[in-house]
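*Asks:*
Residue numbers (the working numbering): 526 to 677.
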């Protein structure tokens, strides 16, 4: 993109050509009179503008839409994650897997397994496993099948 288009030099002479903006930067035709008028191109989705180097991937657990001109990305909601540079919409942020004894509710995140149910670590399912018939465990305390004890 041109730095100066149809402009005049400081001495008032008409210029026959324009100086280009640095790579990755642009300026509207006729709007640039000096290199500092050049701005970074908008970034692709999943990126932000670093004023020194141009577009960079959003960090882990952050996202940005296409044509981002901001120097930052949006954080994922609490409890949700996305790989660096992969978040292009907030909906790209997924819930963290749940700890043992919990299940994943897509609306609210990890919840305790109900009484007489268990789940292993990194549970991404919306339910827990039932204890065998006649065995019990307190809500949220069942982290493996062996946690289910015979009902006294």
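In this text, a Cβ means the ideal position worked out from N, Cα and C, and glycines have one as well.
Just so you know, these numbers come straight off a predicted model, no measurement behind them.
Once the 5 residues before and after residue 607 are set aside, which same chain residues still bring their CB inside 8 angstroms of it?
*Replies:* Around residue 607: 585, 586, 587, 588, 601, 617, 618, 619.
*Asks:* Would you kindly report the start and end of the unbroken beta strand (DSSP E) that includes residue 557?
*Replies:* No beta strand (DSSP E) contains residue 557, which DSSP labels as neither H nor E.
*Asks:* Here's a check: name, in chain order, each residue in its chain whose Cβ is nearer than 7 angstroms to the Cβ of residue 663, leaving out the five neighbours to either side.
*Replies:* Within the same chain, residue 663 has close Cβ partners 640.
*Asks:* Distance check for residue 612 and residue 577, CA to CA, integer angstroms please.
*Replies:* Taking the straight line joining both Cα atoms gives about 22 angstroms.
*Asks:* Classify residue 529 as helix, strand or coil using the three-state DSSP reduction.
*Replies:* Residue confidence for residue 529 is low, a pLDDT of 39 falling below 50, so the modelled location carries little weight; the figure read from the coordinates is stated next. In the structure shown, residue 529 sits in coil (DSSP, three-state: anything other than H, G, I, E or B).
*Asks:* Tell me whether residue 644 is buried or exposed, calling it buried when 16 or more other Cβ atoms sit within 10 Å of its Cβ.
*Replies:* Looking at its Cβ environment, which holds 16 or more other Cβ atoms inside 10 Å, residue 644 is buried.
*Asks:* Near residue 649, what residues of its chain come up, given a Cβ to Cβ distance below 6 angstroms and the 5 sequence neighbours on each side ignored?
*Replies:* If we look at residue 649 and ignore the five residues flanking it on each side, its Cβ neighbours are 622, 629.
*Asks:* Under the DSSP definition of a beta bridge, which residues are partnered with residue 629?
*Replies:* Note: residue 629 sits in a beta bridge opposite 635.
*Asks:* According to DSSP, is residue 594 part of a helix, a strand, or is it coil?
*Replies:* Looking at residue 594 - three-state DSSP - the assignment turns out to be coil, as it is neither helix nor strand.
*Asks:* Please list, in chain order, all residues of the same chain as residue 535 whose beta carbon is under 7 angstroms from its beta carbon, the five residues on each side excluded.
*Replies:* Here residue 535 scores only 47 on pLDDT, less than 50, and its place in the model is too uncertain to base an answer on.
*Asks:* Comparing alpha-carbon positions, which option in 594, 669, 661, 647 lies nearest residue 677?
*Replies:* Residue 677 has its Cα closest to that of 661, out of 594, 669, 661, 647.
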